[in-house]
Amino acid sequence: MATSPTTQLDATLDTLQNGLLKITDEAKSAVGSWITTLQGNADLAPLAAELQKLQDAITQNHHGDISGSFLQQIT
Numbered sequence: 001m002a003t004s005p006t007t008q009l010d011a012t013l014d015t016l017q018n019g020l021l022k023i024t025d026e027a028k029s030a031v032g033s034w035i036t037t038l039q040g041n042a043d044l045a046p047l048a049a050e051l052q053k054l055q056d057a058i059t060q061n062h063h064g065d066i067s068g069s070f071l072q073q074i075t
């Protein structure tokens with residue numbers, strides 16, 4: 001029996017959402033590592049501050065607006 005288009009679409013959207021959540025997890029971790037590294041250098045502290053803003057934005061939208069807004073656009 002063939003899979004219904006609705007079931008297939010639901011599975012695709014679930015996969016996309018899970019992928020977006022994983023991306024935000026990994027981005028938050030990677031940016032955090034750079035922040036830690038750069039904070040130890042006075043010359044690079046301004047860059048660390050900018051990365052902190054990025055990490056804050058990722059954290060604020062983590063598991064929420066980033067993936068939700070994307071899914072709303074494609075559904």
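Residue numbers for the sequence shown follow our numbering, so the first one is 1 and each next one is one higher.
All C-beta atoms in this analysis are idealised placements derived from N, C-alpha and C, irrespective of residue type, glycine included.
Nothing here was measured: the structure is a model prediction, and the numbers come from that model.
- Take Leu51, set aside five residues on each side of it, and the residues of its chain with a beta-carbon closer than 6 Å to its own are Val31, Trp34 and Ile35, in chain order.
- For Leu9, the enclosing alpha helix (DSSP H) covers residues Pro5 to Gln39.
- Spatial neighbours of Thr59 in its own chain (CB-CB distance under 7 Å, excluding positions within 5 residues in sequence) are listed in chain order as Lys28.
- Within the model, the alpha-carbon separation for Leu13 versus Asn41 is close to 43 Å.
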